[in-house]
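For reference, the structure is listed below as structure tokens.
2 protein chains.
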Amino acid sequence: MFSQAALVSDLGTSPHLPSPRIDNDGAFTVHSFFASCPGLLGTAFSYAKDEEIYGDDEPAEYVYEVMSGAVRTCKLLDDGRRQIGAFLLPGNIFGLEAGPNHRLTADAVIDTTVRIVRRRSLETAAQNDIRVANALWAMTARDLRHAEDHMLLLGRKTASERVATFLLEMDRRLTVAGLIDLPMCRRDIADYLGLTLETVSRVLSQFRTEGMLGLSGARHITLRNRQRLRSMNI
Amino acid sequence: MFSQAALVSDLGTSPHLPSPRIDNDGAFTVHSFFASCPGLLGTAFSYAKDEEIYGDDEPAEYVYEVMSGAVRTCKLLDDGRRQIGAFLLPGNIFGLEAGPNHRLTADAVIDTTVRIVRRRSLETAAQNDIRVANALWAMTARDLRHAEDHMLLLGRKTASERVATFLLEMDRRLTVAGLIDLPMCRRDIADYLGLTLETVSRVLSQFRTEGMLGLSGARHITLRNRQRLRSMNI
DNA sequence: CGGGAGATTGAACGGACTCAAAGTCGGTGG
DNA sequence: CCACCGACTTTGAGTCCGTTCAATCTCCCG
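First to last, the protein sequences are chains U and W. Take 1306 as the starting number for the first sequence in our numbering and just add one per residue. Take 1306 as the starting number for the second sequence in our numbering and just add one per residue.
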């Protein structure tokens, strides 16, 4: 399936390569970074819901940008326990490694289209253009910042605080017209927050009861009291 | 106290800059990276036990290498809850940021000596020598890998599994002559593992009872059954 | 409209926490 | 060198938050 990847050109330095635009939420987004790199424009691939994009420990040959859909990166224990490290949404880049192999699996939360670029193309560009090297470093640093924040959540926050943090993160990243349209199910949220799906459901119900949000179908959420949520977010 | 820092030279490219040596445990160590960068050799500073080295959100002006002692990086909630992101031991580098500010506080676990280098010196070197840029990226990537592993621990492992993982990490990083000489107290371990100090103490006692380790004083640990610990580490 | 995956809710359980007390050890001063 | 002090650690008992197990419900999609 990666055979089309050979079509990706391996062009090196580009004279007027823009810096990646970093959006205000400090998430993983570097909107259309690939698109703005002449000669690095990638091939599109589609993945069905729950299809694996790459596996843990596989050689990291490609870097991905979500075009539509959603992706989760996870670590698995062999008894089935799962920790989701991040959700990647349209515009977000993932799969970038400094070492040879991937250290998490990535799979599609829902039907998803990604654009891929050979990792070697980026590295070649980075060797010739310090701005590309800086951009790669900045992306890894952004992932690290998210991971550091998430360690605090997983190690020290209560269930309600975790869900409040999650809601505010999703509000930042995918609210359109006042509505959060979640791509992921309760189990995904739970595995992201280090909880069980029942606890996530209970906390959301409690928040609804308290007037902090509206639920129209499990995946459509309207925040009604961001101030209160922020006070739980700490 | 940072006035001496002005002594650090701001030299740019060095013709034969070595790649940082990455030790086999994949931890944060880049042994004597600074020392091996002509012109980047840093000034030494000492910090007393529990003294802050830098604070959350402070401008990230310097990069640090632990010469002796131990450092913890932490995030704090205003009610006192604390999550330790990492312990830094001799040879480890910390305080490197891609953005303008620190995102965690760093303080000395015990009396500690560090060597500091101006962040600007490293960045100038990186602009002129792609190998330096690669080294900076690799360091951030190593921190990210650790954070990803730690998210799995914090989100999904049991207390016994967390302590087993901790013991094996410390075994890798500071065992000398078969003995782990811990620089940190039970509270630090607990805040690293997302547990309470009582739980850490209970699990260690249980491991001792089961013959998996020996305790001679709370901070001297001898592992007696690494195989069994590894099986709990998952 | 009907089927079924996903979500909600309930009840009981349990692992880690909290609160409390006793024990240990390293460091300091006599 | 030894005794003491105080910080740190260990251990105990009871509690609680989040989990587990189970049943019902919702709503999305055919």
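Yeah, the Cβ is synthetic: ideal placement off N, Cα and C, and Gly gets one too. Everything numeric in this text was worked out from a predicted model, so none of it was measured.
In terms of CA proximity to residue 1481/W, 1527/W leads the group 1389/W, 1409/W, 1533/W, 1527/W. A Cβ of chain W is located within less than 9 angstroms of the beta carbon of residue 1539/U. Counting the other CB atoms within 10 Å of its CB gives residue 1426/U a total of 16 or more, which places it among the buried residues. DSSP links residue 1380/W through a beta bridge to 1388/W. Within chain W, 1380, 1390, 1408, 1409, 1452 have C-beta atoms less than 8 angstroms from the C-beta of residue 1453/U, given in sequence order. Exclusion of the five residues before and after residue 1414/U leaves 1375, 1377, 1488, 1489 as the residues of its chain whose Cβ lies within less than 6 angstroms of its Cβ. The criterion of a C-beta distance shorter than 9 angstroms is satisfied by residue 1420/U and residue 1348/U. The Cβ of residue 1517/U sits no closer than 9 angstroms to any Cβ of chain W. Taken in chain order, the members of the region 1409–1439 of chain W whose beta-carbon sits within less than 7 angstroms of a beta-carbon on chain U are 1409, 1432, 1435, 1438. The beta carbon of residue 1405/W sits closer than 8 angstroms to the beta carbons of 1364, 1365 from its chain, once the five residues preceding and following it are set aside; these are given in chain order. Using a CB distance below 7 angstroms, the part of the region 1483–1500 of chain W facing chain U consists of 1499, ordered along the chain. For residue 1502/W, there is no enclosing beta strand (DSSP E); the residue is part of the alpha helix (DSSP H) that begins and ends at 1502–1514.
By the neighbour-count criterion, in which a residue is buried when 16 or more other Cβ atoms sit within 10 angstroms of its Cβ, residue 1525/W is exposed. Judged by beta-carbon spacing, residue 1492/U lies beyond the 9 angstroms limit of residue 1479/U, meaning their Cβ atoms are not closer than that value. In this chain, the alpha helix (DSSP H) harbouring residue 1460/W covers 1435–1461. Shown here, residue 1517/W sits in coil according to DSSP, grouped into three states, outside any helix or strand. With a cut-off of 8 angstroms on Cβ pairs, the region 1456–1463 of chain W is in contact with the region 1449–1460 of chain U, counting three or more such pairs. For the region 1452–1474 of chain U, residues whose beta-carbon sits nearer than 7 angstroms to a beta-carbon of chain W comprise 1452, 1453, 1455, 1456, 1457, 1459, 1460, 1461.
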